[in-house]
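Q: Have a look at the structure that comes next, please.
Dropping the structure here:
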């Protein structure tokens, strides 16, 4: 009713999904596979724990699903960024059938923490697959394999005059919704100001105005005189990128990329934007 995307699946829903994956209802195969791939938060979320557990069991041949082969399970473990997927991927370096998939996955995974030493240990013990992973990290393949910035980028300007602080972008009274980025983003710029027309002043920001600008066919760029002062930098970044960024493969309800132009951009907001994959330019 609010025109907001559904929430990502929680642990209980993923447990139910696992049962469906073992015995998929006819005609629903594509839908439930999409839920597994794209609608579960990565990292150390409880739902990610259930997903990683299922994929690990499939990869090891302990559980089977007509929709997820051992190879596919190993590949999907590689899309989960870090957390519960790391230990199983490191173990798979010893599995000749799946080791190459694990190499590719770990080569593009940075959130290894102490598991780095497990890979190093295997490499020292002569595991060629682990040696490949270390070499890939040393060569910064994860970074150099990313697409280059285009020579020419055409953007549509979303102009906010004066100073935008993080409370304009992520209002404190709406702090309860910050973890739910699509819902929280509705409150961005909810108060009227020059050139900004909120859908419901004081409640919902200029969603229609943003959609209208997007209909010109180009990505939007946030342009302001002074941008990002204040302390709620991460949630402010999430809100801006929800409207002006790109979907992140395999990650629900969060976006990366995007562009911000400011006469002055607050330094920590600038860094937070960069960390989120955006290109802030002062």
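Residue numbers (the working numbering): 244 to 525. Don't be surprised by glycine CBs; every beta carbon is placed ideally from N, CA and C. A quick note: this is a predicted structure, and the numbers were derived from the prediction, not measured.
1) The alpha helix (DSSP H) that contains residue 411, what's its start and end?
2) Could you say which of 505, 349, 275, 308 lies nearest to residue 327 if we only look at CA atoms?
3) Just grab the DSSP bridge partners of residue 499 for me.
4) Per DSSP, what are the beta-bridge partners of residue 463 in this structure?
5) Leaving aside the five residues before and after residue 397 along the sequence, list all residues of the same chain whose C-beta is less than 7 Å from its C-beta, in chain order.
6) Suppose the cutoff is 8 Å on Cβ atoms and the five residues either side in sequence are ignored; what does the same chain contact list for residue 282 look like?
7) DSSP beta-bridge partners for residue 471?
8) Spell out the partners DSSP gives residue 443 in its beta bridges.
9) Consult DSSP for residue 321 and reduce its assignment to one of helix, strand or coil.
10) Between the Cα of residue 354 and those of 374, 405, 385, spot the shortest distance and give me the residue it belongs to.
11) Between residue 403 and residue 393, what straight-line distance do the alpha-carbon atoms span, to the nearest angstrom?
12) If you follow the alpha helix (DSSP H) that residue 424 is in, where does it begin and where does it stop?
13) With DSSP run on the structure shown, which of helix, strand or coil describes residue 312?
14) Just tell me which of 441, 428, 505, 292 has its CA closest to the CA of residue 465.
15) Looking at residue 331 and residue 319, is the spacing between their C-beta atoms short of 8 Å?
16) Go to residue 522, then tell me how far its beta strand (DSSP E) extends in each direction, as first and last residue.
17) Between the alpha carbons of residue 468 and residue 271, how many angstroms are there, rounded?
18) Counting beta carbon pairs with one atom in the segment 441-457 and one in the segment 502-522, are three or more of them shorter than 8 Å?
19) Give a yes or no on whether the C-beta atoms belonging to residue 497 and residue 481 are separated by under 8 Å.
20) Give me the Cβ distance between residue 487 and residue 473, rounded to the nearest whole Å; I'm assuming they're in contact under 8 Å.
21) Find the nearest neighbour of residue 310 within the set 329, 368, 295, 277, judged by alpha-carbon distance.
22) On a Cα-Cα basis, can you pick out the residue from 366, 444, 415 that is closest to residue 374?
23) Out of 406, 442, 275, which has the shortest C-alpha to C-alpha gap to residue 509?
24) Using the C-alpha atoms, what's the distance from residue 421 back to residue 428?
25) Where residue 409 and residue 416 are concerned, what is the direct C-alpha to C-alpha distance, given to the nearest angstrom?
26) So what's residue 507 in DSSP terms, helix, strand or just coil?
27) Which same chain residues, not among the five before or five after residue 499, have their C-beta less than 7 Å away from its C-beta?
A: Once the coordinates are examined:
1) Element bounds for residue 411: 409-412.
2) Selected option, being the one with the closest Cα: 349.
3) According to DSSP, which records beta bridges pairwise, residue 499 is partnered with 489.
4) Per DSSP, 399.
5) Counting only residues of its own chain and dropping the five nearest sequence neighbours on each side, residue 397 has a CB closer than 7 Å to the CB of 461.
6) For residue 282, where only same-chain residues beyond five positions count, the Cβ hits under 8 Å are 249, 251, 252, 495.
7) Within the DSSP secondary-structure output, residue 471 pairs in no beta bridge.
8) Within the DSSP bridge table, the entry for residue 443 names 447 as partners.
9) Three-state DSSP puts residue 321 in coil, outside helix and strand.
10) The shortest Cα separation from residue 354 among 374, 405, 385 belongs to 385.
11) So the alpha carbons of these two residues sit roughly 26 Å apart.
12) Residues 424-427.
13) Note: residue 312 maps to coil in three-state DSSP.
14) The residue with the shortest Cα to Cα distance from residue 465 is 505.
15) Cβ distance not < 8 Å, so residue 319 and residue 331 don't count as in contact.
16) Residues 522-524.
17) Near 50 Å, if we compare the C-alpha coordinates of residue 271 and residue 468.
18) Taking a contact to require three or more Cβ pairs closer than 8 Å, the segment 502-522 and the segment 441-457 do not qualify as touching.
19) Yes, the Cβ-Cβ distance between residue 497 and residue 481 is below 8 Å.
20) With 8 Å as the limit, residue 487 and residue 473 do not qualify as a contact, their Cβ atoms being about 19 Å apart.
21) Out of 329, 368, 295, 277, 277 has the C-alpha closest to the C-alpha of residue 310.
22) It is 366.
23) Closest by alpha carbon: 406.
24) Approximately 8 Å, taken between the alpha carbons.
25) Cα-Cα distance, rounded: 13 Å.
26) Strand at residue 507.
27) If you ignore the 5 residues before and after residue 499, its C-beta comes within less than 7 Å of the C-beta of 484, 488, 489, 491, 519, 520, all in its own chain and listed in chain order.
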